[in-house]
Amino acid sequence: MIKKQQCVEFGQVAILVVLFFALKYKTAIWVDVAFSLALVTVLIPYLFFPFAFLWLGLSKILSVVGPVILMPIIFFVVVMPVGLFRKLMGNDNLKLRQFKKASGSVMHVRDHVFTQDDLIHTF
Numbered sequence: 230m231i232k233k234q235q236c237v238e239f240g241q242v243a244i245l246v247v248l249f250f251a252l253k254y255k256t257a258i259w260v261d262v263a264f265s266l267a268l269v270t271v272l273i274p275y276l277f278f279p280f281a282f283l284w285l286g287l288s289k290i291l292s293v294v295g296p297v298i299l300m301p302i303i304f305f306v307v308v309m310p311v312g313l314f315r316k317l318m319g320n321d322n323l324k325l326r327q328f329k330k331a332s333g334s335v336m337h338v339r340d341h342v343f344t345q346d347d348l349i350h351t352f
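For the numbering used here, count along the sequence shown from 1 and bump the result up by 229.
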């Protein structure tokens, strides 16, 4: 169920979008439209009910599509090929090949005293 507050929020977003067009195209008609939207948002926000309903429905659909569909696609298209390429190149930054092969540790010993210069150019 769409509440009055959600209709008001949609009206505010619509005002921001119209003001963006006003800044981009530098015409007074966009400012007039933004002012009209502001009046509607304050006086009768329920006029935005159908738009708020569609907007919130779209957000619910995207909240399912994003994590369930897009994230695995990004993983298999970007992350996995990079990992396979690094493995083919022989990179072993985690030293997994040396792990538990000997009694020593695979961790680096860092006996470094940080100075002021280390904090100036961190990268």
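Beta carbons are placed, not taken as given, at the ideal position from N, Cα and C, and that holds for glycine.
Whole-angstrom C-beta distance between residue j and residue i, which should lie under 8 Å
{"i": "A243", "j": "L266", "result": "5 Å"}
{"i": "F239", "j": "F280", "result": "6 Å"}
Assigned secondary structure, residue i (DSSP; H/G/I helix, E/B strand, else coil)
{"i": "K324", "result": "coil"}
{"i": "G312", "result": "helix"}
{"i": "G295", "result": "helix"}
{"i": "T270", "result": "helix"}
{"i": "G286", "result": "helix"}
{"i": "F277", "result": "helix"}
{"i": "F343", "result": "coil"}
{"i": "S265", "result": "helix"}
{"i": "M318", "result": "helix"}
Beta-carbon spacing of residue i, residue j below 8 Å
{"i": "V226", "j": "P274", "result": "Nothing can be reported for residue 226, as the shown portion of the chain is limited to 230 through 352."}
{"i": "L285", "j": "Q234", "result": "no"}
{"i": "I349", "j": "F278", "result": "no"}
Range of the contiguous alpha helix (DSSP H) that encloses residue i
{"i": "F239", "result": "233-254"}
{"i": "M300", "result": "300-303"}
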